[in-house]
Amino acid sequence: MNKFAKIAACAASAVTFASAASADSIVDIAVADERFSTLVAAVTAAGLAETLAGPGPFTVYAPINDAFAALPEGTVETLLQPENKDQLTNVLLYHVDDRNLAANMIPGGSNFFKPILATERLCITNDAAGVSIADGTGESANVIIADIKADNGVIHVIDKVLLPGTRPACG
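Under our numbering, the sequence shown is numbered contiguously, ending at residue 196.
The following block contains the structure:
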């Protein structure tokens, strides 16, 4: 078991959800899918699990474990430390929109989208190659699985962790 899997296993075992949460919430789907174990650990450490299990609606651009593993060494462990909770929360809120945006609702071309982290923008491009999301670093994530439906929104699986920074240029 690698270090990310150990962190995620500990966090997943510590996650408890309100009994009113839907069995098909975004959080429940993520917890049930091993590809999101690092994301679950991060959401738990940031104290966002109950919110994302709530009524929504939410669109979550969900990085897979390999996306977290591609970050510079020590980044995930540093973000999961209690003293970095605000920074971790900002990174996670950068991956969430407060609407239910199915892939067919993303207009063609490149467009700015405002995540819950209101100080930042994402540039989402929908073209013949698929859907990609440019973050504040100017790097792009690809949507590798779209439209995992949940009772409180939708998950789009991405191959890179989105990082806040200067606003990306669309176009």
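Backbone N, C-alpha and C fix where the C-beta goes; we use that ideal spot for every residue, glycine too.
The alpha carbon of glutamate 59 has as its nearest neighbour, out of Ser165, Val182, Asp122 and Gly161, the alpha carbon of Val182.
CA-CA distance, alanine 57 to glutamine 106, rounds to 24 Å.
Straight-line spacing of the CA atoms in glutamate 145 and valine 52 works out to 23 Å. Secondary structure of serine 157 (DSSP, three-state): strand. Looking only at Leu142, Lys185, Ile180 and Leu104, the smallest Cα-Cα distance to serine 157 is reached by Lys185. Classified as buried, glycine 161 has 16 or more neighbouring CB atoms from the shown chains inside 10 Å of its CB. Going by DSSP, isoleucine 54 is part of no beta strand (DSSP E) but of the alpha helix (DSSP H) stretching over 51 to 57. The C-alpha of cysteine 195 is placed about 8 Å away from the C-alpha of threonine 150. Taken through DSSP and simplified to helix, strand or coil, threonine 162 comes out as coil. In the assembly as shown, asparagine 90 is a buried residue. Its beta-carbon has 16 or more other beta-carbons within 10 Å.
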